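Asks:
Numbering (the working numbering), first residue to last: 340 to 434.
Structure representation (structure tokens):
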């Protein structure tokens, strides 16, 4: 599993009309290996709200995210998890 980012607007072939802006970050994993050796990849946005299947031909739209950006994403994720935990605790205290 890798974290990648698109560097130009992207409309996936198997995305059911989805469109992604420049700079959208995705988690990339192998979804399926088809007959003939073709590989399909599953791309999920960092927030987990959107998924699409990508062919090998479409991989030219993406670059790997640097370690610095990956660290920032992890810090943002930790903050979101802490905020959700705090909100849940506040709701329980109110009841």
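Ideal Cβ placement from N, Cα and C applies to all residues, glycine included. All figures in this text were calculated on a predicted structure; none of them were measured in a lab.
At which residues does the beta strand (DSSP E) containing residue 403 begin and terminate?
Replies: 401-403 is the span of the beta strand (DSSP E), which, as asked, contains residue 403.
Asks: According to DSSP, is residue 427 helix, strand or coil?
Replies: Reduced to three states, the DSSP call for residue 427 is helix.
Asks: Check whether the segment 350-367 and the segment 386-396 are in contact - that is, three or more C-beta pairs closer than 8 Å.
Replies: Yes, since at least three Cβ pairs between the segment 350-367 and the segment 386-396 fall closer than 8 Å, the two stretches touch.
Asks: Could you name the residues of the same chain whose beta carbon sits closer than 8 Å to that of residue 372, not counting the 5 residues immediately before and after it, in chain order?
Replies: So the list reads 378, 379, once near-sequence residues are dropped.
Asks: What number of angstroms, rounded off, separates the C-alpha of residue 358 from the C-alpha of residue 352?
Replies: Whole-angstrom Cα-Cα distance: 10 Å.
Asks: In whole angstroms, what is the alpha-carbon distance linking residue 415 and residue 396?
Replies: Rounded to whole angstroms, residue 415 to residue 396 spans 32 Å at the Cα level.
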